[in-house]
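Engineer: Be aware that the sequence shown starts at 0, since it is given in numbering that gives the first Met the number 0, and climbs by one per residue.
Glycine residues also receive a C-beta, built at the ideal position from the N, C-alpha and C atoms.
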Amino acid sequence: MEAYQPQYQGSPNPVALVGVHLAKKGLSGAIACDLKRISRKKAQFRALTAAYKADYGVDFELSASATGKEPCVLAKFDDGSTAMLLDARDLALVDGNVKKFDQNLRAKMMFFF
Numbered sequence: 000m001e002a003y004q005p006q007y008q009g010s011p012n013p014v015a016l017v018g019v020h021l022a023k024k025g026l027s028g029a030i031a032c033d034l035k036r037i038s039r040k041k042a043q044f045r046a047l048t049a050a051y052k053a054d055y056g057v058d059f060e061l062s063a064s065a066t067g068k069e070p071c072v073l074a075k076f077d078d079g080s081t082a083m084l085l086d087a088r089d090l091a092l093v094d095g096n097v098k099k100f101d102q103n104l105r106a107k108m109m110f111f112f
């Protein structure tokens, strides 16, 4: 597949997807955070990140935060801007299913990429 090209001239290029998970330690944090439930499925998540690199040319980074907006998935662009692709409600609906996560994320990426 050919590398992603922006739809409009002058549009910022996506450089990464950033998964921001809830920064709670311990078993309760792992269960409470819907993004952690997905990213802990190591083999499936690694295959998914490789697919995004091949299809869109973007890396998938994971980060922790405790500001109130997590868990979420952000798109980071080359001009330094970000856009939220999936919020906590979207991730809760996925219910830890990697295939549903992939489908929802690709659908949201169509609006931004």
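Just the Cα atoms here: how many angstroms apart are F44 and I37?
Structural biologist: On the sequence shown, residue 44 is found 45 positions in, with the first residue counted as 1. On the sequence shown, residue 37 is found 38 positions in, with the first residue counted as 1. Near 7 Å, if we compare the C-alpha coordinates of I37 and F44.
Engineer: Just checking V72 against the ligand ZN - is the residue's beta carbon closer than 6 Å to any of the ligand's heavy atoms?
Structural biologist: Although the ligand ZN was asked about, the structure shown includes no ligands whatsoever.
Engineer: Which residues in the same chain as T66 place their Cβ atom closer than 8 Å to its Cβ, once the five residues preceding and following it in sequence are excluded?
Structural biologist: Position 67 of the sequence shown, counted from the first residue, corresponds to residue 66. Nothing listed; no residue qualifies.
Engineer: Could you say if the segment 44-60 and the segment 82-89 meet the contact criterion of at least three C-beta pairs nearer than 8 Å?
Structural biologist: Output reads no: the segment 82-89 does not touch the segment 44-60.
Engineer: Tell me which residue opens and which closes the alpha helix (DSSP H) that D89 is part of.
Structural biologist: For the purposes of this step, residue 89 is taken as residue 90 along the sequence shown, with counting starting at 1. Segment A87 to V93, the alpha helix (DSSP H) holding D89.
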